[in-house]
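This report refers to the structure that appears directly beneath it.
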Amino acid sequence: MAFWLNSFVYALSLLCLVKVWNAYQTYVKLKAIPTVGPSGFISSWIGAFRFLFHGREIIQEGYSKYRGSAFKVPLVDRWMVIVSGDQHIDDMRKALPDHLSFLDEIENTLQTTYTLGSSLHSDPYHIDVVRSALTRNIAACFPVVRDEIEASFKDEIPEAEDWKKVPAYSSILQIVCRTTNRLFVGLPLCRNPEYRALNIEHTIQVVTSAQAINAFPEFLKPLVANFFTPISRSMRKAEKHLGPIIRDRLEKENEYGRDWPGKPNDLLSWLIEVAYGGERRTVRDLTNRVLALNFAAIHTTSMGFINALYCLAAHPECARPLREEIEAVIKTDGWTKQAMGKMRKLDSFLQEAQRIYGVGALGMGRTVRKDFSFSDGTVVPAGAHVSVAAFATHIDADNYEDPYEFKPWRFSEMREQEGESIRHQMVTPRLDYILFGVGRTACPGRFFAVNELKTLLSHVLLNYDVKMEKPGQVPPPGWFGSAQLPNTKAKVMFRKRKFS
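Under mature numbering (1 follows the signal peptide of the UniProt record, and there is no 0), residues -23 to -1, 1 to 477 are what the sequence shown spells out, in order.
Pasting the structure below:
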């Protein structure tokens, strides 16, 4: 007994020593970059704890002091170098992946090797499928997406003559999960409650598991991951639902060729089309890709829509001009992707909601693979982590007039200026609006996401009246670390639309 107790104490001591030594090495390399908060090697751990509850304020303080340059803040598991200003953001935009790596940062933050599967990091072909096939098929798949929006709203928020309180976040999460999976895997699976619950819970499990794994040094992560990661459990559940569908499609393709009769036009089919052989063409790997893309899509789209819904319910005076635009466009173009593209006020409303409520304090995270020099001479060493002060950029008065005020037509008015009609679309990445990032790593699914958000909000506007339970107030979001999260407890009042 004493032997095992001593071994455990020695192992724990070694763990602490390794963590401290690695932290000290990074601290020395970054010493030239100013720190916001405690800057001492020991005192910075106090700053890291404080960041968990005051991350937004700490980054805003750094932005005010060092706008247009770099500063650093301590996080629980690393130092984060934070930059701001057009030039620094553009430097990151132009950086090659072998200098600043987005995929490495995702791996380091989410520990994807353990939480989502190693093949997603080593062979991320699903990203190209989203960038190409998904984007290319938005118009063709628009009718089925809209059909699922109508069906899911009928189930989750039935039209009622009198005002009815709706737990907005949980209801919208179900609607978005159904709608997204109608395009991902089709009927009837997208409506299966167990399958939907799996995808919603999987995201939460991945994030919490990654946080636990990140508390340990590299050499212990494979061991620790066995206790914390949800992938085996999630895969078993997912294969129960997806396995028979995948096997059936693979068999039909083998028998009849790639364009077999009745082949569904959905994400799963597009993944199979490029799964030429080897590990790619297995039930397990294809199931994992669908899970991973649900992880990327469901909660982000749900949060984006709930932000817009809260803004609409808090500003019901916006409903009339939005309805007038939607009805005018639908009258000439019908319910199509092309029609969604013509709805400038709707696009502006969504953009403004996300500008204020849709970004965290940090964005565009990168891991530095090789020493990287910014235009002003700031050098960030290999192994460090760099992000942009996203929320501070979005509320900078030099970028936006009255930045704290919700102005629903802010971006549609910008688009009326000569030569600005494309630049201020929601899907267009730009240095002062970094919801989707910028450059070659800008979110590949943003075209589908924005189209889905527009269709969802259009459906609400044409079929419901909405208002907040507390009139005129957007429910205050929550902050944890650098993450901004919509209020999950607020109720929105719905009733069947009254024509006047």
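A virtual CB, placed ideally from N, CA and C, is assigned to each residue, including glycine.
Looking at the DSSP output, residue 59 shares a beta bridge with 48 and 364. A Cβ-Cβ contact shorter than 8 Å links residue 285 with residue 330.
Residue 322 is not a Cβ neighbour of residue 398, given a cutoff of 8 Å. According to DSSP, residue 455 shares a beta bridge with 462.
For residue 183, the enclosing alpha helix (DSSP H) stretches over residues 170 to 190. Across the set 26, 39, 29 and 18, the C-alpha of 39 shows the shortest separation from the C-alpha of residue 11. Per DSSP, the beta bridge partners of residue 445 are 469.
Shown here, residue 280 sits in a helix according to DSSP, grouped into three states. DSSP, reduced to helix, strand and coil, places residue 322 within a helical segment of the structure shown. Annotated as proximal: residue 459 and residue 337, with beta-carbon spacing under 8 Å. Ranked by Cα distance from residue 347, the options 41, 55 and 81 are led by 81. With a 10 Å radius around the Cβ and a threshold of 16 neighbouring Cβ atoms, residue 271 comes out buried. Under DSSP, residue 77 takes part in a beta bridge, and its partners are 345. Residue 410 is bridged by DSSP to 407. Across the structure, residue 27 and residue 324 are spaced so that their CA atoms are roughly 37 Å apart. Taking 8 Å as the cut-off, the beta carbon of residue 282 is found closer than this to the beta carbon of residue 430.
Nearest C-alpha to residue 218 among 383, 149 and 170: 170.
The three-state reading of DSSP puts residue 143 in strand, counting E and B together. Rounded to the nearest whole angstrom, the CA to CA distance from residue 353 to residue 228 is 57 Å. Cβ neighbours of residue 94 within its own chain (closer than 7 Å, five residues either side excluded): 208 and 265. CA-to-CA, the gap between residue 443 and residue 177 works out to about 26 Å.
Its chain contains 93, 97 and 103 as the residues whose beta carbon lies nearer than 7 Å to that of residue 269, once the 5 sequence neighbours on both sides are disregarded; these appear in chain order.
In chain order, 190 and 193 place their CB closer than 6 Å to the CB of residue 201, counting only its own chain and leaving out the 5 sequence neighbours on each side.
Taking 8 Å as the cut-off, the Cβ atoms of residue 143 and residue 287 do not count as close.
Residue state for residue 94 is assigned as helix, using DSSP reduced to three classes. Per DSSP, reduced to three states, the secondary structure at residue 150 is helical. Between residue 153 and residue 275 the beta-carbon gap is near 6 Å, inside 8 Å, which marks them as a contact.
Residue 188 holds the alpha-carbon nearest to the alpha-carbon of residue 54 among 385, 423, 471 and 188. Here residue 206 carries a coil assignment [DSSP, helix/strand/coil]. Going by C-alpha positions, residue 114 is about 12 Å away from residue 121.
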